[in-house]
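If you count the first sequence from 1, you need to add 100 to reach the numbering used here. C-beta atoms are modelled at their ideal positions from N, C-alpha and C, and glycine is treated no differently.
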Amino acid sequence: MVKNLSKEGSDKIDWDTEDELEIQEIQDAIFSSCRDLRTTGQHALSGDGEASSSSVPCRLSKFIQQFVVMGFSEESIAKAIEQNGENSDLVLDALLTFKVIEDSPEEQPTASPQLDPSICSDDSYSEYNENFLDDVYEEESWSSDSDNCICYLKDESSSLSENEQTLLSLANMGYPVEEVSIAMEICGKEASLAELTDFICAAQMSRAEDPYLPEDVKPKLKHISNDSGGYKKRKMFNQLCKGKKQRTIFDEDPISLPKPMIGFGVPTVSGPAMVRRTLPKQAVGPPFFYYENVALAPKGVWDRIASHLYDIEPEFVDSKYFCAAARKRGYIHNLPVEGRFPLLPLPPRTINEALPLSKRWWPSWDTREHLNCLQTAIGSARLTDRIRKAVEDVDGVPPMRVQKYVLEQCRKWNLVWVGRNKVAPLEPDEVEMLLGFPKNHTRGGGISRTDRYKSLGNSFQVDTVAYHLSVLKDLYPEGINVLSLFSGIGGAEVALYRLGIPLKNVVSVEKSEVNRNIVRSWRENTNQRGNLIDFDDVQQLNGDCLEQLIDSFGGFDLVIGGSPCNNLAGSNRVSRDGLEGKESSLFFEYPRILDLVKNIMCGER
DNA sequence: CCTAGGATGATTCAGGCA
DNA sequence: TGCCTGAATCATCCTAGG
101 MVKNLSKEGS
111 DKIDWDTEDE
121 LEIQEIQDAI
131 FSSCRDLRTT
141 GQHALSGDGE
151 ASSSSVPCRL
161 SKFIQQFVVM
171 GFSEESIAKA
181 IEQNGENSDL
191 VLDALLTFKV
201 IEDSPEEQPT
211 ASPQLDPSIC
221 SDDSYSEYNE
231 NFLDDVYEEE
241 SWSSDSDNCI
251 CYLKDESSSL
261 SENEQTLLSL
271 ANMGYPVEEV
281 SIAMEICGKE
291 ASLAELTDFI
301 CAAQMSRAED
311 PYLPEDVKPK
321 LKHISNDSGG
331 YKKRKMFNQL
341 CKGKKQRTIF
351 DEDPISLPKP
361 MIGFGVPTVS
371 GPAMVRRTLP
381 KQAVGPPFFY
391 YENVALAPKG
401 VWDRIASHLY
411 DIEPEFVDSK
421 YFCAAARKRG
431 YIHNLPVEGR
441 FPLLPLPPRT
451 INEALPLSKR
461 WWPSWDTREH
471 LNCLQTAIGS
481 ARLTDRIRKA
491 VEDVDGVPPM
501 RVQKYVLEQC
511 RKWNLVWVGR
521 NKVAPLEPDE
531 VEMLLGFPKN
541 HTRGGGISRT
551 DRYKSLGNSF
561 QVDTVAYHLS
571 VLKDLYPEGI
581 NVLSLFSGIG
591 GAEVALYRLG
601 IPLKNVVSVE
611 KSEVNRNIVR
621 SWRENTNQRG
631 NLIDFDDVQQ
641 LNGDCLEQLI
651 DSFGGFDLVI
661 GGSPCNNLAG
671 SNRVSRDGLE
681 GKESSLFFEY
691 PRILDLVKNI
701 MCGER
């Protein structure tokens, strides 16, 4: 069933051949277009943070949205962005500072009521917001460059009446406009936001418990069915303000990790039958999309990620079912889940099978069969020396205390036995093999050993991703056009290639030059003939740029990528700041770009 | 400047047990 | 139910040495 693409195979493929010069010209034109756009004030907030009344791109909207869902007013956000640019950390700091000032009665005796502390889950945010904006601003005051992109302009909102501002604030928090209106009528115009949120939540709770309530209404109320309403929201906001390392906490049932972590199924475990899932209408392609990140992110992160990707339930899969190393990851995608097949041959799934030379030295008391997650750093030589001495000092089987210490360190650093009493970290080519990359994929071309580990540690496990992508093979026998965001060392491209799906046009976005070179070199080594256009910054990809790309080869079939996990990963002791972290906030670029691609391809732009 | 080594916990979740 | 323990975790920053 599976055909791994051989050299001969790839030569037989009927490629869309294009003169290299022509490709270069297209590429140059697109690059210059993007640069031009970047410097000609297309962004509502330019470098100096000046607000513009022209159309506001989705990126900015999403950037603002992340603060709106925390309960900050759009005025404060606009002010904070003006002062700090689009740096999440700085903007958040500024917002918290505003909040402290506004909460101080001595300094601000007449604080605006819309800044009343409150917070909500943002699952229903967009929907309610759209309703709200439809109702309130039928033809003015805001602009949007897509149906899914709602943008706020500072000047207009500040010209609203107090009532309208209250309405706007509550709608931004996710409360339905109709319910806000009713609450304002019943509680009176003098009512504080706290009173209004309490009233709305009480009403929602009472309806949620109503056995005669239609089922299609109940899910929307799920997030308030198990809490104490506005009080809890305000309490959460207060927690939010306590420190910088706050997170959005969700009222509704948080997304939990499945056990076993096999998603919709893996080829090596006879788990529950493949489910036929129903995707929300707006999530259905084209294009197909596939998003990845660490499964063990801080609480609430996956809820937020899903809320920006059509509320699709993430598929959590541990790659230990595909190879000898664990890799717990979440994937949100709109691919079919039936008819998947794995890459063949199936890779070895135990340490002994994957590293047969280590078998000879493996002590019986080290019962590991799988390696832990392959990370970006390795154990030091000094550590392996300490372990050697600890084990050498005893005759025969070491005492439990030593065993425990050694095993703990081996698990922590993924050490393997390479000699009598001798452990060592994995070699880079072993990591390549475990992750499903060809040998020497990251070797040479100016990359250091340390950076090889780093690039590999940040990559996909190819067999896992390929299994999910395998359904594309029958759908695109002639090959596909791929938009690969946060490409890294090309895990997605390698997966598609190994599935035998020809890569016609690949637009790859990757910050690291070393990684871009690895992908380019791999393509040359494998004699691929499609086009590779690469960018170094996702933020360069604006609507006009994407439009030109899509015009030049007729649209993307797949938008794939895993955004930075730095601020989500448990290993990060310094800046595990969640989705608002410096790097991880680039996640918001993914739905922004996906929306743009969808809209351009639907001809709605 | 580049590279490698070393020191640096917190946040989750699961399972056991009183 | 609450507490404890164990386990896992796509990392960051500083420094020394070439």
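Boundaries (first-last residue) of the beta strand (DSSP E) holding Gly430: 428-433 is the span of the beta strand (DSSP E), which, as asked, contains Gly430.
Give me the Cα-Cα distance between Pro525 and Gly363, rounded to the nearest whole angstrom. For Pro525 and Gly363, the distance between alpha carbons rounds to 30 angstroms.
Can you say whether Ala477 is buried or exposed, counting buried as having 16 or more other CB atoms within 10 angstroms of its CB? By the neighbour-count criterion, in which 16 or more other beta carbons inside 10 Å mark a residue as buried, Ala477 falls on the exposed side.
In the DSSP assignment, find the alpha helix (DSSP H) that holds Ser621 and state where it starts and stops. 613-625 is the extent of the alpha helix (DSSP H) around Ser621.
Label Arg543 either buried or exposed according to how many other C-beta atoms from any shown protein chain fall within 10 Å of its C-beta, with 16 as the threshold for buried. That one is exposed.
Out of Leu696, Ala592, Ala383, state which residue places its alpha-carbon closest to the alpha-carbon of Val582. Ranked by Cα distance from Val582, the options Leu696, Ala592, Ala383 are led by Ala592.
Is it buried or exposed for Pro380, if we count other Cβ within 10 angstroms and need 16 for buried? That one is exposed.
For the segment 371-428, which segments carrying the alpha helix (DSSP H) assignment without a break, of at least 4 residues, lie completely within its bounds, in sequence order? Qualifying alpha helix (DSSP H) stretches, in chain order: 401-408.
Residues in the same chain with beta-carbon distance under 8 angstroms from Arg511, minus the five sequence neighbours each way, listed in chain order, please. Closer than 8 angstroms at Cβ, skipping near neighbours: Arg468, Asn472.
How close, in whole Å, do the beta carbons of Leu534 and Ala454 come, if the pair is a contact with beta carbons under 8 angstroms? Rounded, the Cβ-Cβ distance is 6 angstroms, consistent with contact.
What's the gap between the Cα of Arg676 and the Cα of Asn667? One C-alpha to the other measures close to 4 angstroms.
Roughly how many angstroms lie between the CA atoms of Thr564 and Glu610, to the nearest whole one? Glu610 has its alpha-carbon roughly 21 angstroms from the corresponding atom of Thr564.
Pull the bridge partners of Asp485 from the DSSP assignment, please. According to DSSP, Asp485 bridges with nothing at all.
If you drop the 5 nearest sequence neighbours on each side, which residues of the same chain put their C-beta closer than 7 angstroms to that of Ser377? The amino acid at residue 377 is misidentified as Ser; the sequence shows Arg. Counting only Cβ-Cβ distances below 7 angstroms, and skipping sequence neighbours, we find Val437.
Rounded straight-line distance, which links the Cα of Gln503 to that of Val494: Gln503 has its alpha-carbon roughly 11 angstroms from the corresponding atom of Val494.
Closer than 8 angstroms is the cut-off here; do at least three beta carbon pairs connect the segment 628-638 with the segment 598-606? The segment 628-638 vs the segment 598-606: in contact.
Could you tell me the distance, in whole angstroms, from the CA atom of Asp574 to the CA atom of Ser407? The straight-line gap from Cα to Cα measures roughly 30 angstroms.
Where the alpha helix (DSSP H) through Val562 begins and ends: Boundaries of the alpha helix (DSSP H) harbouring Val562: 562-569, taken from the DSSP string.
DSSP three-state call for Ala151: helix, strand or coil? Note that Ala151 scores 27 on pLDDT, short of 50, meaning its location in the model is unreliable and no value can be drawn from it.
Which same chain residues end up closer than 8 angstroms to Pro528 when comparing Cβ atoms and leaving out the 5 residues on each side of it in sequence? Excluding its 5 nearest sequence neighbours in each direction, Pro528 has C-beta neighbours in its own chain below 8 angstroms: Thr542, Arg543, Arg549, Arg552, Tyr553, Leu556, listed in chain order.
DSSP has Ser584 in a bridge; who is on the other side? According to DSSP, Ser584 bridges with Ser608, Ile660.
What's the call for Asp235, buried or exposed, on a 16-neighbour Cβ count within 10 Å? Low per-residue confidence applies at Asp235: pLDDT is 25, beneath 50, and the placement is therefore not dependable, though the value from the model is reported in the following sentence. Within 10 angstroms of the beta-carbon of Asp235 lie fewer than 16 other beta-carbons, which makes it exposed.
Just to confirm, is the Cβ distance from Leu641 to Pro664 under 8 angstroms? Not closer than 8 angstroms, so no.
Ser684 versus Gly678 - alpha carbon distance: Looking at the two C-alpha atoms, the distance is approximately 7 angstroms.
Measuring only the C-alpha atoms, how far is Ser621 from Gly600? Between Ser621 and Gly600, the C-alpha separation is close to 19 angstroms.
Ends of the alpha helix (DSSP H) at Gly643? Where Gly643 is concerned, the enclosing alpha helix (DSSP H) stretches over 643-653.
Using beta-carbon positions only, say whether Ala424 and Asp418 come within less than 8 angstroms of one another. The answer is no: Cβ separation not under 8 angstroms.
When you compare only the Cα positions, how much space is there between Glu392 and Ser587? Spanning the two alpha carbons is a distance of roughly 11 angstroms.
Under the assumption that Leu443 contacts Arg598 (Cβ atoms under 8 angstroms), give the Cβ distance between them as a whole number of angstroms. Contact holds; Cβ gap of about 5 angstroms.
Burial state of Val523 (16 or more Cβ within 10 Å): Here Val523 is buried, its C-beta having at least 16 other C-beta atoms within 10 Å.
Leu646 and Phe388: beta carbons closer than 8 angstroms? Leu646 is not a Cβ neighbour of Phe388, given a cutoff of 8 angstroms.
From the DSSP output, in three-state form, read off Lys345 for me. For Lys345, the pLDDT reaches just 34, beneath the cut-off of 50, and the residue's location in the model is therefore unreliable, leaving the point undetermined.
Could you give the DSSP three-state label for Gly557: helix, strand or coil? Correct three-state label for Gly557: helix.
Looking at the secondary structure, which residues open and close the alpha helix (DSSP H) in which Lys504 lies? It spans 500-513 - the alpha helix (DSSP H) in which Lys504 sits, taken as one unbroken run.
Taking its Cβ as the centre, do 16 or more other Cβ atoms sit within 10 Å of Met500, making it buried, or is it exposed? So Met500 ends up on the exposed side.
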